[in-house]
Structures are given as C-alpha cells and as structure tokens.
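Inspection log for the structure reproduced underneath, given as structure tokens.
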C-alpha cells in the first residue's frame, strides 16, 4: 500500500528535522558538562566525548564510490549518500570504542586473576574503597573469631569475584567482536555487489545492518540469562533495539523518507547499544584510581594536614617568624650557591677567553726579560773564556762549553780561596754562577706562570661542576618525564615496544581466525576477525603520526588495510606482518633502528 504524497512529504520533513536536531544537540553537548548516569537522548555528549579518541579502521568503502553508485542508479540525494557514509563510520567507530573500553577492564581483571591469594585478599579489602575496607575487615575478624585465622575464604571469594567479571566481559567482547566482523564484511561486500546489482545492494545493506542489531540483541539476552543476575538497571528492557519496518520495494524505489527513517533507526540503535554497553561495563569495570589508591591518598591527606598545622604554628599567623627566617636563609643559600658555582665561574671563563690576547702580550714581555738575562750571561761567559784561554771565541760559542771552562777555573781558584778572591778570578766566577742561578729562577717562574695561565679555565670549570651536574640531573628528569608515555601512540622505547606487540596480536589473531575457519567454528572465527579489526585499528592510529614523520605512512597504511580485507588469503597476510616487523621504522626495535 503506497502512502499519499502529502503523508510521505510530511514524514520526510519530520525525519529530517529529527536527524538535524539530533546533530545540533550533539554539537552543543560536546561543550557542556554531563553525567554518565543520565540516559537523556542516549547520552550524546558522552558519545562525542569518547569519539575524540580514534581506535578503529577507516571504512573499507570510499565515500566517492557510495556517492557514484547511489546518485547514478538509485536517485538518492547527495546528503542521503553522505548520511549513509556517516552512519557506517559512526557504527564501526563506536563499536571499536566499546571494544577498547571492555579490553581495558578485562586486562585489569586478568592481571588480578594472575596474582597470589594474598594479593587478591589485599585487593578485596584495601583497593575497593572505604566501605569495602571496613566491611571486609569486620568479616575477616568475625571469621577469625569463629574458625581461626585463615585467608582462604576471602581468597576464594576474591577469585569468584574476579572470575565472574572476566567471564562477563569476555563474553560481551566476543559478541561485540562478532557484530563488528559481520558489519565490516557486509560493508566490504558493497564494492563488489554494487557493480552487479547497484539498485538493491545499498538499501539491502540497511536492512542487513538492522538484522545484525537484532542478532546482537539475541546474544546479549543469552548472556543475561546465563548469569542470572541484574546486569542492567531499569533504563533498558528487552527488546533492546528497534526493528526496521518491512518495505516491499526494490532498492531503486526507496523514497527519501524511508531512507531517512532507516538511517535514523540505525542511529537510535547505535545510541542504545553504546549506552547499554556502558552501563554493563560500568557494573563490572575496574575500580577507579581514586578508589584503588584511596589508602595512599588518605595517608597523604593526613600528612598534608599535619604539615599544614605545623606550618601554621610557625607562621606569622601565630606570631612566629620562623618561616620568614627559614625562607630568608634558603634564599641567601641559593643566591650564594648561584654566585659561587654558576656566576663567578662563568665570569672567570668569559674573562679568560676574552683576555687571552692581552695576557699573551704580557707573557711575550716576560720572555724578553728572560732573554736579556740569557744574553748577559752569554757575554759574561764569552769574556771569561777569552780571558782565561787567551784566545778569541766565536760569538755563537756554546754556553755549555764556556760554562765548563768557568767551572774548571772556579775549582782551580778554590785551591787558594783568599788569595784568589783578592787577586784571582774567583770573584768573577762566583758572579757568573749567580747570573746563571738568576736565569734558572726566571725560567722556572716563567714556566710556572704559563702553567697557571693555561689552567685558569680548568679551575673555573671545576668550580662550575656542581651547577653543571645539577642541571644535568634536571635535564634527565625532564627527559624521563617527557618519555614516560607508555601508550603505543607515544614516544620512546616503551611506546615502540607497545606498537610491536600490537603487530604480534594481529599475527596471532590471523592464525587463530584461520584455525577456527578450518575447524568450521564460524562464530569463533568471526569473533577472532572482529578482534583482529580492533587490533588493526589500534595499530593504525598508534603508528600514523610516527609513520608520517618518516615518510612511510602511505605504504604502512595500505598494508594495514590489506590485513583487514576478509578475502585476502592468510599466507599473504602473514607475509605482510612479517614485512611490517622488519621494514617500517616506527615498528623496528630500538637497537636495530640505531
């Protein structure tokens, strides 16, 4: 039965107003604070806040291919084709975000399950908040009075508590991964089916996606029934998702209002799914940091309070000048340290470097003075040797030879010292030796002066060493703080290791998927494929910035997208992972990279 034109037009206008009003609310809600407990308008603000962190792969279908097939065959408007692309992208992105939230909480509970009994008891009593601390302590004391001291009962309760959350989150992750795999495969089929049957492929996708929502609801119902517990509050009831009305038309005959209704229905189901998973995960999530470390924060607050009281007692509020005196002493010590170990050494180094030529000029004059003494001694030796030997010596005669003549004459004159002192050459030989001693002293002083001048910079640097080591320590702390980001998107060795582990997860998921396919376990294979897509999405966004910096992003991006293709053989995917681990710089280990 065909609808009247007026009714169809009115319905199309109503659906368009509903869609655009929802988009306007989403834009406004992104700037407004909202609480997670509210379910108003399917929590659009929380959805947009969580969408800021990209975790998923791009759609396996380009926007221009959708526009071309839709506009040329079905007669859809450009806005409708764009809305279809948006709803597909939002659907996968929200599912990947939910998988990431489940994975973080599941990883926490798995790490707690691997701990010892003592660690589990400590978690149950001390890491779940003050209420759990007092109730757990009271229960432990009652048990000790009744059965004696034993931690086995508390450890058994902790194991059951942790195992229950691991089971629920694991099953929920598997169901959501199957849903992601099925949606991704259906979107991947559009490219092939649109070539042969463009009239029905895209409209049938909307119907198929709605059917996948209903299949996911059936899986969630089984999970809810299997655990016999109130997993959700009164905000939700089964059936959870809306069913798309039956449309007995070919794809090319879909009206604009019917297309808008189908897309709006997918958006509503997506919002309901996101809110439902958030509430379900929040009931089984890991404790918040404030709850987990409340004992440390409490001790810190008590210590800070005691310190504050002590400071108030020594402040001017209580008529004491202790704090002011301590501050002045600390200020004076810091100023003194700066002057002695930073300012003065730097000034000394500066003066030494800029006054080098002036000091060298002074050193040349001192060498000339020593040269005068050398020339005077040479003339004295020459005159003494000519007088003693009675022969003419050349001007370039060796001082060493002439000094030997002087010493020989000096030894001879000492045989009769008094007589030779008055009438001999003894006094003249003594004066020559005094001149030689003067020359030796001046030479030694000149060398010592040169040594001191050469080490002035060394002494200044030695005085600046404490400030240098302090600056080096501050730089090391700053570098460690800058590289403390251990996420796969960060920098440093830890982030690089996380990216390589993501490649390992991808490789394991590929092999497990092929193993389940060979065994005929379809659901398990779809679950592994969904988790493979999740790991590929994390690797995609973790390596994007680093690969762009090295110029290898185009090739790495294509390899990641090829790994997500359902039809690519497993052996080819394993070859791609092998190449990724050994070729791309952002995925290489630090040692090989250096």
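Residue numbers (full-length UniProt numbering): 1 to 594. C-beta atoms are modelled at their ideal positions from N, C-alpha and C, and glycine is treated no differently.
Legend entry - Alpha-carbon spacing of residue 419 relative to residue 429, whole angstroms: 14 Å
Inset, instruction - Examine chain C for any beta-carbon lying closer than 8 Å to the beta-carbon of residue 475, and answer yes or no. - result: Here chain C cannot be found, since the structure has a single protein chain.
Legend entry - Exposed unless 16 or more other CB atoms sit within 10 angstroms - verdict on residue 367: exposed
Inset, instruction - Give me the Cβ distance between residue 536 and residue 499, rounded to the nearest whole Å; I'm assuming they're in contact under 8 Å. - result: Contact doesn't hold; Cβ gap of about 12 Å is too wide.
Legend entry - residue 510 and residue 550 closer than 8 Å at C-beta: no
Inset, instruction - Over the uninterrupted alpha helix (DSSP H) stretch that includes residue 130, give me the two end residues. - result: 130-147
Legend entry - Residue environment, residue 416, which counts as buried when at least 16 other CB atoms sit within 10 Å: exposed
Legend entry - For residue 120 and residue 158, believed in contact at Cβ under 8 Å, the rounded distance: 4 Å
Inset, instruction - Pair every Cβ in the segment 106-121 with every Cβ in the segment 165-176, then say whether three or more of these pairs are closer than 8 Å. - result: yes
Inset, instruction - Mind checking which residues open and close the alpha helix (DSSP H) that includes residue 496? - result: 492-519
Legend entry - Backbone secondary structure at residue 241 - three-state DSSP: coil
Inset, instruction - Taking residue 244 and residue 217 to be in contact with their CB atoms under 8 Å, please state how far apart those CB atoms are, rounded to whole angstroms. - result: In fact, because the Cβ distance is near 13 Å, the residues do not count as touching under 8 Å.
Legend entry - residue 345, DSSP secondary structure in three states: helix
Legend entry - Cα-Cα separation between residue 585 and residue 547, rounded to whole angstroms: 8 Å
Inset, instruction - Could you have a look at residue 540 and say whether DSSP puts it in helix, strand or coil? - result: helix
Inset, instruction - Go ahead and pull the three-state DSSP assignment for residue 20. - result: Confidence in residue 20 is poor, its pLDDT being 47 and thus under 50, which makes the residue's placement too unreliable to answer from.
Inset, instruction - Would you kindly work out how many angstroms separate the C-alpha atoms of residue 211 and residue 562, rounded to a whole number? - result: 27 Å
Inset, instruction - Evaluate residue 174 with the Cβ neighbour count: other Cβ atoms within 10 Å of its Cβ, from every protein chain shown; 16 or more gives buried, anything less gives exposed. - result: buried
Inset, instruction - Given a cut-off of 8 Å, decide if residue 184 and residue 60 are closer than it, judged by their beta-carbon atoms. - result: yes
Inset, instruction - Report yes if the CB atom of residue 177 is closer than 8 Å to the CB atom of residue 266, and no otherwise. - result: no
Inset, instruction - Throw me the rounded Cβ distance for the residue 94 and residue 274 pair, which I believe falls under 8 Å. - result: 5 Å
Inset, instruction - Hey, could you find the ends of the alpha helix (DSSP H) residue 410 is sitting in? - result: 399-413
Inset, instruction - Assign residue 547 to one of three DSSP states: helix, strand, or coil. - result: helix
Legend entry - Validate contact between the segment 120-136 and the segment 302-316 using beta carbons, cut 8 Å, 3 pairs: no
Inset, instruction - Verify the contact flag: residue 448, CB atom, against every heavy atom of the ligand GTP, threshold strictly below 7 Å. - result: Looking at this structure, you won't find the ligand GTP or any other ligand, since it has none at all.
Legend entry - Status (buried if at least 16 other CB within 10 Å, exposed otherwise) for residue 272: buried
Legend entry - Nearest candidate by alpha-carbon position, reference residue 541, set 578, 518, 528 and 503: 503
Inset, instruction - Please say whether residue 182 and residue 544 have beta carbons closer to each other than 8 Å? - result: no
Inset, instruction - With DSSP collapsed to three states, give me the class of residue 292. - result: helix
Legend entry - Backbone CA spacing between residue 117 and residue 154 [nearest angstrom]: 9 Å
Legend entry - Simplified DSSP assignment, three categories, for residue 568: coil
Legend entry - Own chain partners of residue 195 with C-beta closer than 7 Å, once the 5 adjacent residues on each side are dropped: For residue 195, the pLDDT reaches just 46, beneath the cut-off of 50, and the residue's location in the model is therefore unreliable, although a value from the coordinates is still provided. Closer than 7 Å at the Cβ level, and outside the excluded window around residue 195, lies no residue.
Legend entry - Given 8 Å, three or more beta-carbon pairs between the segment 372-385 and the segment 401-410: yes
Legend entry - Beta-carbon proximity of residue 392 to residue 405, cut-off 8 Å: no
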